[in-house]
Amino acid sequence: MTRSKLRLAIVGAGPAGIYAADILLKSERNFDVSIDLFDHLPAPYGLVRYGVAPDHPRIKGIITALRDVLDRGDIRIFGNVRFGEDITLEDLKRHYNAVIFATGAVQDASLRIPGIELEGSYGAADFVSWYDGHPDYPREWPLEAQSVAVIGNGNVALDVSRILAKHADDLLPTEIPANVYEGLKSSPVTDVHVFGRRGPTSVKFTPLELRELGELNDVDMIVYDEDFDYDDAARAAVAGNKQVFVIDKVLNQWRQRETGQASRRLHLHFFAKPLEVVDDGTGRVGAFRYERTKSDGEGGVVGTGEIREVPVQAVYRAIGYFGSELPGIPFDHDYGVIPNHEGQVLRHDAETGESGRMYGVYATGWIKRGPVGLIGHTKSDAMETIRHLINDVGNWWSPASPDEQSVVDLLDERGVRYTDLAGWHRLDQHELALGAAEGRTRIKVVPRDEMVDISLGQLTA
Ligand SMILES: Cc1cc2nc3c(=O)[nH]c(=O)nc-3n(C[C@H](O)[C@H](O)[C@H](O)COP(=O)(O)OP(=O)(O)OC[C@H]3O[C@@H](n4cnc5c(N)ncnc54)[C@H](O)[C@@H]3O)c2cc1C
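Residue numbers for the sequence shown follow full-length UniProt numbering, so the first one is 1 and each next one is one higher.
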């Protein structure tokens, strides 16, 4: 079947959604394309804006490349539109030939240990959303703990630990919102303890992110000699893997450093399996209990039976993200992704036991592959999904109202206050101006209504 035009909806204006649109527009094909990009946030860029740490300006700079794609003007943006509420799958079938879901992952994966629900126990994703100024999170974050435990050995655990340990004034040159600066400024924290189940040669974080911790102003890095009694497997990992080699080198440099002068400390505890968040007797976090592990000689660890406890008043679990289910779209509850084959969405009928393609529906990015990998990986992901979308031309939907105005009319009829590219430019300029007034590059606007008002040019001073 030949078609003259593909009307495509992409849900999610994070890197995965933007790269997918860009790749499709630049791809070799024998049909025209018109793309509408929806996001429930009033600003695009997903986790690059609301996940990447504010003191990582180089990574935040990827926004420039993503903005260049949007600024070309050949993709329509509808911000502040939530799939499942403002627009449904039925609507999309009426107006488009196909949809790509690029909705990422924003929730914390759960950690099933006793006490994890205590007051003072938090998910890293929520804290990240707070410090990155996500509009749907409370403005206040309870930073009352002097000693904090961070569970996890990936880059998000390091982000969270770094932001907790860093002095607020050292974050001031970044784009952090005013409420975040004030919150961090009043934090009484002195000790941040990071716990990983495995040894130093099995961590998931990357050397650059680790090395950065050693450069924090007035923060001592504390590592413990007992964690460096390597076995053959660990030694082989250091010798055979460049990344592990550098991590080992950085950690060993810290072992030689003199400590004791700084007002804050960041402790790295390896071979520590989380057992329990201990109640202080009032329903609040009082301590973190863990079991010391040891290498099993094959790259894994086993428990030693030795139980330890560190007094802390807050616990952050940074053990991974998890995707969210979308109305009418299949969802894998074990892995937190949309089931798919190389981006082609699959459905399973529990009653008949039959499974197969869900035609016209595609996935890309973290909701397709799970919450692992860097921004760059979403590009190769998008290429795969777009290749299938193009080849599937005969299986697209046949929409009743494919004209570009009809979806605009639909949103207007429903009273959705959607934002567009011009609106994003307005918000962008506004944030840059807020920053310039205080000698900073940008200060983020946090409340959703204010973001939308500014975008729509309706802000009353
Ligand atoms: C804390 C943290 C730090 C990170 N730091 C780095 C780093 O330093 N370097 C790096 O390379 N990578 C980093 N990453 C990874 C990077 O953020 C991801 O690889 C990337 O953002 C995934 O892209 P995505 O487009 O799939 O999802 P996202 O970026 O999450 O984008 C998904 C978009 O979908 C929208 N959406 C969701 N549900 C709906 C709905 N129902 N309706 C409409 N829109 C919806 C969301 O609002 C969002 O804008 C980090 C990740 C985290 C969590």
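Glycine included, each C-beta is placed from N, C-alpha and C at the ideal position.
Asked, Found
"Distance cut-off 7 Å: residue 156 Cβ against heavy atoms of ligand 1", "yes"
"For residue 69, the nearest candidate out of 26, 220, 111 (CA to CA)", "26"
"Paired residues, beta bridge with residue 40 - DSSP", "None, per the DSSP bridge assignment."
"Beta-carbon proximity of residue 218 to residue 264, cut-off 8 Å", "yes"
"Contact check, residue 447 vs residue 200, beta carbons under 8 Å", "no"
"The stretch 101–110 touching the stretch 307–326, judged by at least three CB pairs closer than 8 Å", "yes"
"heavy atom of ligand 1 below 7 Å from residue 102 C-beta", "yes"
"Residue 6 - containing beta strand (DSSP E), residue span", "5–11"
"Boundaries (first-last residue) of the beta strand (DSSP E) holding residue 344", "344–348"
"Three-state class that DSSP yields for residue 134 in the structure shown", "coil"
"Residue 256 versus residue 120: straight-line alpha-carbon distance, rounded", "34 Å"
"Identity of the residue in 4, 158, 17, 10 nearest residue 365 by Cα", "17"
"Residue(s) in a DSSP beta bridge with residue 287", "278, 311"
"Continuous alpha helix (DSSP H) assignments of at least 4 residues falling wholly in the stretch 346–429", "366–369, 377–391, 404–413"
"Residue from 274, 216, 247, 147 with nearest C-alpha to residue 195", "274"
"Candidates 220, 295, 254, 231, of which the one nearest residue 261 by Cα", "220"
"Residue closest to residue 101, alpha-carbon to alpha-carbon, out of 363, 336, 248", "363"
"For residue 340, three-class secondary structure by DSSP", "strand"
"Cβ shell of residue 419 (< 7 Å), same chain only, five flanking positions each side left out", "42, 79, 80, 452, 455, 456"
"DSSP state of residue 462 mapped onto helix, strand, coil", "Because residue 462 is not part of the residues shown, which for the chain are 1 to 461, the question remains open."
"Own chain residues within Cβ distance below 6 Å of residue 178, not counting five before or after", "none"
"Spatial distance of residue 311 from residue 103 (CA atoms)", "38 Å"
"Through-space distance from residue 10 to residue 476, alpha-carbon basis", "With the chain covering 1 to 461 only, the question about residue 476 has no answer from this structure."
"CA-to-CA distance, residue 224 to residue 213, given in whole angstroms", "16 Å"
"Classification of residue 174 by the beta-carbon crowding that lies within 10 angstroms, buried from 16 upward", "buried"
"Complete runs of the beta strand (DSSP E) confined to the stretch 114–187 [at least 3 residues]", "121–123, 147–151"
"Segment contact flag, the stretch 345–365 with the stretch 298–316, C-beta cutoff 8 Å, min 3 pairs", "no"
"Outcome for residue 330 when other beta-carbon atoms lying within 10 angstroms are tallied against a minimum of 16", "buried"
"Reduced DSSP secondary structure (H/G/I, E/B, other) of residue 91", "helix"
"Cβ shell of residue 326 (< 7 Å), same chain only, five flanking positions each side left out", "83, 84, 101, 103"
"Run of the alpha helix (DSSP H) containing residue 63, from where it starts to where it stops", "62–71"
"Identity of the residues DSSP links to residue 108 by a beta bridge", "321"
"Distance, residue 147 Cα to residue 412 Cα", "51 Å"
"Residue 375 versus 112, 48, 270, residue with shortest Cα-Cα distance", "48"
"Rounded C-alpha distance that separates residue 301 from residue 114", "21 Å"
"Limits of the alpha helix (DSSP H) - the one that residue 443 falls within", "It is not in any alpha helix (DSSP H) - residue 443 carries neither H nor E in the DSSP assignment."
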